[in-house]
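Sequential numbering from 254 applies to the sequence shown in the working numbering. No residue lacks a Cβ here, since even glycine has one placed at the ideal position from N, Cα and C. The structure under discussion appears below in the form of structure tokens.
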Amino acid sequence: MNKEYDFSKGQRGKFYRSDVEVTVPRTGEPSFKLNETDEAEILEAIAEADRGEALDADEVLARL
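Encoded structure:
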């Protein structure tokens, strides 16, 4: 690996494709399947975080 790379002729988004979903496998960790209910809850939590509706750590701890 070089210490420096020249990106002056790079083109942002050249290989970007909005219709492709990429899954990066994690090695060394067991895989698992979610049931429909758990998957729906996780997707809703992600959507809430994307909307800025997530709780900060202090608020979570205060609710415990």
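Through-space distance from residue j to residue i, alpha-carbon basis
i           : j           : result
residue 295 : residue 288 : 11 Å
residue 300 : residue 314 : 22 Å
residue 286 : residue 298 : 18 Å
residue 311 : residue 317 : 10 Å
residue 269 : residue 284 : 28 Å
Reduced DSSP category for residue i - H, G, I as helix; E, B as strand; rest coil
i           : result
residue 290 : helix
residue 316 : helix
residue 297 : helix
residue 307 : coil
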